[in-house]
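Participant:
Residue numbers (our numbering), protein chains in the order written: chain A, 43 to 382; chain B, 43 to 382; chain C, 43 to 382; chain D, 43 to 382; chain E, 43 to 382; chain F, 43 to 382.
1. Would you mind telling me which residues of chain C sit closer than 8 Å to residue 118 of chain B, beta carbon to beta carbon, in chain order?
2. Looking at the C-beta of residue 108 of chain E, does it have a partner C-beta in chain F at a distance below 9 Å?
3. I need the boundaries of the alpha helix (DSSP H) containing residue 193 of chain A, first residue and last residue.
4. Would you grab the beta carbon distance between residue 135 of chain B and residue 105 of chain D for me? Rounded to a whole angstrom, and I think it's under 8 Å.
5. Check whether the Cβ atoms of residue 67 of chain E and residue 148 of chain E sit closer than 9 Å, and answer yes or no.
6. Would you check if the distance between the CB atom of residue 220 of chain D and the CB atom of residue 228 of chain D is smaller than 9 Å?
7. Short check: CB of residue 97 of chain C to CB of residue 55 of chain C, under 9 Å?
8. Residue 271 of chain D bridges to which residues according to DSSP?
9. Restricting to Cα atoms, I'd like to know which of C/59, C/46, C/91 and C/224 is closest to residue 329 of chain C.
10. Using DSSP with H/G/I as helix, E/B as strand and the rest coil, what is residue 320 of chain D?
11. Is it the case that the segment 306-315 of chain C contacts the segment 319-338 of chain F, given that we only count it when at least three CB pairs across the two stretches are under 8 Å?
12. Under 7 Å Cβ to Cβ from residue 86 of chain B, same chain only, skipping five residues before and after it: list those, please.
13. My assumption, with CB atoms under 8 Å, is that residue 311 of chain D sits in contact with residue 297 of chain D. Please give the rounded CB distance.
14. Could you compute how far the alpha carbon of residue 63 of chain D sits from the alpha carbon of residue 140 of chain C?
15. Opposite residue 143 of chain E in the DSSP bridges: which residues?
16. With contact counted as at least three CB pairs below 8 Å, one residue from each stretch, are the segment 191-200 of chain A and the segment 246-254 of chain A in contact?
17. How big is the Cα-Cα spacing for residue 47 of chain B and residue 183 of chain D?
18. Count the other CB atoms within 10 Å of the CB of residue 211 of chain B; is the residue buried (16 or more) or exposed (fewer)?
19. Just to make sure I have the definition right: I need the residues of chain D whose C-beta is within less than 8 Å of the C-beta of residue 236 of chain B. Which are they?
20. Exposed or buried, which one is residue 262 of chain F when buried takes at least 16 other CB atoms within 10 Å?
21. Please name the residue, chosen from E/291, E/303, E/292 and E/289, that lies closest to residue 282 of chain E on a Cα-to-Cα basis.
22. Taking residue 33 of chain A as the query, report the chain E residues whose CB atoms sit under 7 Å from its CB, ordered along the chain.
23. Counting only Cβ pairs nearer than 9 Å, list the residues of chain E close to residue 263 of chain B.
24. If you drop the 5 nearest sequence neighbours on each side, which residues of the same chain put their C-beta closer than 6 Å to that of residue 43 of chain F?
25. Are the beta-carbon atoms belonging to residue 164 of chain E and residue 102 of chain E less than 9 Å from one another?
26. Residue 65 of chain A touches chain B at which residues, Cβ-Cβ below 9 Å?
Here it is as structure tokens:
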């Protein structure tokens, strides 16, 4: 690794309450819990790669917040920029799917969470910006409410102003924006795009959120047509993303791309068995960021990111846990026998 | 759904004692328990579809019976027709199979169960018959003993006499009838066939239990040849069933048929991964009954029933848990991503 | 039992998320969940005594609400008056205490729960009132918000108007009312007191909420002085409650009283080991209600209620599970050996 | 230890299905299982003391029987005299009590168990008798049915005829004998008493089963009056037993006695906390047998047996697991700190 | 089965500490433990086939050793030749792999284990040799240290000298021998080869350990070239082994061979899903030994051994648990439905 | 709290493998694991009180070491001074006691642990000493071997030389020193006593390790006689310790003392129920250190430390988890009801 950088992610920590095995909530009587979120996942994946990971968030000052805080530390994150206040955490219930039955997520109320109700003054943007090299932001946060969006823009601007790198993951979730969601979202997304150095997105985001036109029909051709437009229009150095296919035998396939210096690099199309699908996109993002930070060449970066995403599907929980060497081994070998 | 009907199933409730994971009974030290049985499965599947489900059975008046009773209520069944008395429940141990190693079921003694020793007067046939629209019976009950068979015929006759619909699932289990089982079983099966409006069976039942001759060799041709004969001979409005294939990669395939108005309707041959195979036949039966009750056209009914059976393979426990809308979604889509 | 009555409780269902054993939330990784609430506890305890128990509440129409609904059925409650709508359930985390370390409860946001956001028209007061003999209400509901209080008064008035019996449990929780809570709460409590036939309260409620004066200093003398005043002033037929003491050896002691026909009846002071303290007050209330419904003499009623409360401390979960015969046995015997 | 003897116990192996923690069967969803029975407990306790333990029993030839067989081996028993055949095992469900709520045992049907239906020829009495030094029998077996009683008498006579020692534990369970049980039981008990060298019993057995008269009222005086009569009348060398008291604080107290050579020896009255009460009587019996086999003086024997019983209350499961040295340490010390 | 033979295995018992499910050690908080080792696996597999299995090993005389001893008995092994002494057991942690993420084994220090520090005189070679028909040795033991190698050679010579059969499984693990491992290992391997009647190995062992030259490139041709040379050079009656392939869909394929009487016999190439890969090689070895002991013809022996290995992949834990009849059924049938 | 200090502890991290519930290792099949050690416990308790906690130790660079590292972070410790290298961790098995049956600890081999084999140069004494205000050492480390003792002395001297405070906990464990242990230990203990500012010890340490004479017989009088001598002789500012009594009802009693400025301060004798006894002494030590760091008066310090120790007995695991405010509440109140 070239050097150890200070990477912060801004975002909500959620409590994941997962029914063990394959029972439904109405059948079971216990839940496994963990704490995650796009920011948690990206920052701790980068900590696994040897960087110093920070989370910029706000947790309630009670037993649930304490548990979240301990979980962040366990994942290797610095909690220096974690505020405490408010009363609640966002939570979601997860019932695992099996084969023909998809997994099911049920959210509790996030609007009242400590993070989404963080008052003015909760985050010292300048202090944070000065303490880090790179900051990661996510479209899910953008969808929450006015207050949290304001924090997000202010922090992104402070990072930019301090010469730091801004990463933005579009991560558009229709359920969060409601009716006419794309129209509502567009101005906020555009604002973030203009601040961002590295963006995670794909052709659908370009068409639906940013409203860019294309006469291509094929998904791959749309990508080749639109992503360069986006890069040019918003002045973005690197854009990356994945295309996922779910196969008939319940395996998934993933193809990653990275557009940089006017050129596309693609990973192999990886096909693999899936144990825990949630958080795999964040693993891809962290692979891209690590490749960029480490000055990998684009081919290596996108292959590394795709392998990181593949391995994240084999790990329990939302948060990627693989080291750089484990990902490099997964890139070079077929499925292996026991490692003794 | 067209209307909410009152559906009763007559049958034994069994306690399923399942070794968690893939250990053998001689390796493990704990068991998961649930309560099921063909009647439980069919009636509660129909309750999931919005009907009012009843079980006609008898449970011991002790802590085990209390637990069974609570489980029935949890599944959405009315326990209005559940008698309490006797001392024991039928139980079975289940060791999960994996790949080349098949699952293994070990029964405890069912002959002394509260249900199978229900004395005369245990069930008020007329009262029950007047309270319901449709009643489901199963060939497993027929195999138990004289006393329980007598209850079964009396209840079926009362339902028929009250203008209700009688469903009979052949469900022939060689182990329960012993030597010369088919010959012993035939008169009882014939009696139920004559009372039944809807019958669950396949070509083997026609040949082996009812002794119908065919010169066809292929399984499918036998079906086409024999089922119409059965319908005619016993005056049955609808006959349905499945053909199961176990594939080399441990997936199963299922093809459902429904014969009605002199015509066969078939489902697609569905192929899927299997989590819990037990009770899937009951899911198919409940799908057929729901389609018939809801006046689906036969094509839709059999496709709905096959999809219900497929989903039942992905659910923990014997008892199907899918709603009508979940089954319809499974019919229309390939394997899906997380539902958020 | 004299007769089987129809008993409804109006109140929120909460999801209890309990850390198993004696770990803290920041140490553990799994939770046991169950569904409870004062109304759930009282109605299902009465169902255990042979009455028909109903819950009047509102649950979200998602997987969490389905699980709650199944749990209510399992407890023997009719869900006929359970509405479905809204998006969230109230939840609380429970970390068990041990000896010198008290148990700790952390609430999630209840204000946005399906119950506490039930819109006008959610409950058909008249239909419910006509379907039941007795209705139970709780001061916790009173503390929530304007909308739910309005439902509560309207239902209590409808029950009263239909000749039903109204039970009100004061259950004042300082944390829910905030600053100047007693003053805020007083008018609402007085309104419920005037509607109630049976009230659960103690001397502190009389002094602090209702503002009744007394010159007594001793707790017991305050009770003897104030409760008759309350009964007279608000026209209440029966008032009952408990005084709890926590002893040095971690046992608890409980003394129950019942004031009726101008006379106090008291239970023995029971001392016992505690396994799960939450919900024991609801067991006492259900014992009082059952005694009143069954025309027990007051001495028997209060002794029965105290024994019911004692047994509730030995049961896992908030909800009492003891039958009438188990409580009678606990009243007559010392700690027993194994029951075979 | 003086010498390693070959000790066999004749009796049924039962499967114990225990609800973990303090939930009821109607609340929980899993069970812990183990295999025990008076014979199992006594023979394996003696194996813990360094003797060679055998069980004479019959297990079904299926997965449940395999699991029982493996459990016996794990307990250190030789399965040389374990027959395989029949189809079922006796089972019982155990719900733990807590404080004021007693534990509850619910049996499944034992009459059809492999052991209780063992046909003529199942046990080679002479071969077994020649292979062992001492055999243990239990009154529970006597209560089962004609066939198993016949095996029991035949084996006891063979042991006696071969110069072995016969131990008989009265273990009268009213529930197994039904109405007029004592009268029904008397002739069978008398037959065993005449064959026995060592008998486990107390004053109640003398009065109620054997019908011996006494004019004493106090329990202890009855013991002093009756046990010598029993020893004389039936020609028994050693009689031993315990008196149990359950205290108000949920501790139990135990006083052991041993009558031998016309003299009584008593243990201290031990008072202790109880974790798992079942099987403690078998620990006492095994302590007496070990003391007798090892030629301890009677005082030591009865103190050793009482301490063995006390420790058995602290061990999970029915079967005692303490070594001789652990029991000796428990006799000499108060409750100790961690042993590192 | 032709006859019941006395089979001993010499080797270390290890404690396997396995993270349940698919979590990493840094994510989980509990471990499942069991006791295994090549010797344990082979001897207990042969006990499952009806032979009398012995383990020659040494366990610490503490609670961990007691647990190991009980586990050996549970597996059906005689502990007659198990010495007790020393202080430690070898242990290894196992994190399950999933799909693209391989399983991971982390060893604790084995050099100080009771077995690997067994002093002179720990094993009575002659007494053991006289008590058994066949003895199994493993190359892992050879890798440990001087003292244990000396015990190994002495016991093998004693067995040979008493007319017993010596089996040697090469089981070369590079990690145990360190740098220049093949050269270091060669003399010890050659010594065992000369003593052995049956050897488990493949073409790589011949080339790398024994240094035999071949001009073949293809794996199968190397086998055909080298194994006859080995048999001739070291005077071995039977040599057997497997070639494993890990397929893209995470299934494994296994091809077994047996060289005997100058002729090769091969199994089908079996392809199957894998639940627990560890110990499958031992199942193959035990199948070969059983076939040889039972005078199966070579074709049957190698097919039986391959099926035994296949089933071992479906069993929890390192130790094979399948009976002869289960293996024969797996040889004759495709994947089966539930066995009721 | 007065101020946030930087507190380091030097010591081994051990993996605790605990049998859940009250089973023995030979009965159970799973273990709960956590990571602890005197240093871990003291430093993380101080982190709970708001200080910055560091551990100076060495962990293997494998999956077990990763898990330990994550656990340290979760406890709130900085891992800045945690070296990685070597291959093994010290481990111990813990079987919980119950009542008359004491808990049992079985160690694995610690001498080969990464910490106990740390080579020269593993710790940068000066860098560490400059980064901290106070360092904690423990007599257990002193018992290990020459190499680790050398690191210990060098670090203590560096801390002292940099003006930091040295804390030494005598923690003499007879099992670690073997025969003539006190004599062997004395010179090393004396060396640490001379370096220490704060020492944890009691009268036995003074007599047995340091060999100080006293003519007192009573334990308390010995303390009053000897501790001032120790303080004077070795120039120690503060000496503290506890006397533990185990009561007949399984509660423990604890009396703490603090000797400072020629004066003794004592806590109340606290009596309490015990859930997890291990690590309570470390809680006391951390309370003393916190009181000293915060300039509490001696009375408050010793009462705070004793309450911290009492609460540590109610917490799962070795490591104290209570905050300053929780300890202050436990000091002021009797056993409390649920905290909502």
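Even for Gly, the Cβ is constructed at its ideal location relative to N, Cα and C.
Facilitator: According to the structure shown:
1. Locating residue 118 of chain B in the second chain gives position 76, counting from the first residue. Here the neighbours are 112 and 115.
2. As a working mapping, residue 108 of chain E is identified with position 66 in the fifth chain. True, the Cβ-Cβ gap to chain F drops below 9 Å.
3. On the first chain, position 151 is the one that residue 193 of chain A refers to. First-last of the alpha helix (DSSP H) with residue 193 of chain A: 188-203.
4. On the second chain, residue 135 of chain B is found 93 positions in, with the first residue counted as 1. On the fourth chain, residue 105 of chain D is found 63 positions in, with the first residue counted as 1. Rounded to the nearest angstrom, the Cβ distance from residue 135 of chain B to residue 105 of chain D is 7 Å, consistent with a contact under 8 Å.
5. For the purposes of this step, residue 67 of chain E is identified with residue 25 of the fifth chain, where counting begins at 1. For the purposes of this step, residue 148 of chain E is identified with residue 106 of the fifth chain, where counting begins at 1. Yes. Within cutoff.
6. Residue numbering aside, residue 220 of chain D sits at position 178 when the fourth chain is read from its first letter. Residue numbering aside, residue 228 of chain D sits at position 186 when the fourth chain is read from its first letter. Not a contact, by the Cβ cut-off of 9 Å.
7. Along the third chain, one-based indexing puts residue 97 of chain C at 55. Along the third chain, one-based indexing puts residue 55 of chain C at 13. Yes; because the gap between Cβ atoms is below 9 Å, this pair is in contact.
8. Counted from its first residue, the fourth chain places residue 271 of chain D at position 229. Paired residues: none, contrary to the question.
9. In the third chain, counting from the first residue as 1, residue 329 of chain C sits at position 287. For residue 329 of chain C, the nearest C-alpha among the options comes from C/91.
10. For the purposes of this step, residue 320 of chain D is taken as residue 278 along the fourth chain, with counting starting at 1. Residue 320 of chain D: coil per DSSP, three-state reduction.
11. no
12. Numbered from its first residue, the second chain carries residue 86 of chain B at position 44. The residues are 95, 117, 118, 119 and 361.
13. Within the fourth chain, numbered from 1, the residue matching residue 311 of chain D stands at position 269. Within the fourth chain, numbered from 1, the residue matching residue 297 of chain D stands at position 255. In this structure, residue 311 of chain D and residue 297 of chain D form a Cβ contact; the two beta carbons are roughly 5 Å apart against a cut-off of 8 Å.
14. Within the fourth chain, the letter at position 21 stands for residue 63 of chain D. Within the third chain, the letter at position 98 stands for residue 140 of chain C. The alpha-carbon atoms of residue 63 of chain D and residue 140 of chain C are separated by roughly 16 Å.
15. Translated into the one-based positions of the fifth chain, residue 143 of chain E becomes position 101. Beta-bridge pairing links residue 143 of chain E to E/140.
16. no
17. Locating residue 47 of chain B in the second chain gives position 5, where the first residue counts as 1. Locating residue 183 of chain D in the fourth chain gives position 141, where the first residue counts as 1. Their Cα atoms are separated by approximately 52 Å.
18. The residue you call residue 211 of chain B lines up with position 169 of the second chain. Buried: at least 16 other Cβ atoms inside 10 Å.
19. As a working note, residue 236 of chain B is residue 194 in the second chain. Ordered by position in chain D, no residue passes the 8 Å Cβ test against residue 236 of chain B, which lies about 35 Å from the chain.
20. In the sixth chain, counting from the first residue as 1, residue 262 of chain F sits at position 220. Classification for residue 262 of chain F: exposed.
21. Position 240 of the fifth chain, counting from 1, holds the residue named residue 282 of chain E. Of the residues E/291, E/303, E/292 and E/289, the one whose Cα lies closest to the Cα of residue 282 of chain E is E/303.
22. The structure shown does not extend to residue 33 of chain A, since chain A is modelled only from 43 through 382, so no value can be given for it.
23. As a position in the second chain, residue 263 of chain B is number 221, starting the count at 1. By Cβ distance, chain E contributes nothing, its closest Cβ being about 23 Å from residue 263 of chain B, past 9 Å.
24. Taking the sixth chain and counting its residues from 1, one reaches residue 43 of chain F at position 1. Unreliable positioning characterises residue 43 of chain F in this predicted model, as indicated by a pLDDT of 43, which lies under 50. A coordinate reading is not provided.
25. Looking up residue 164 of chain E in the fifth chain gives position 122. Looking up residue 102 of chain E in the fifth chain gives position 60. Cβ atoms of residue 164 of chain E and residue 102 of chain E: not closer than 9 Å.
26. As a first step, residue 65 of chain A is located in the first chain; it is residue number 23 there, counting from the start. Correct list: 357, 358 and 359.
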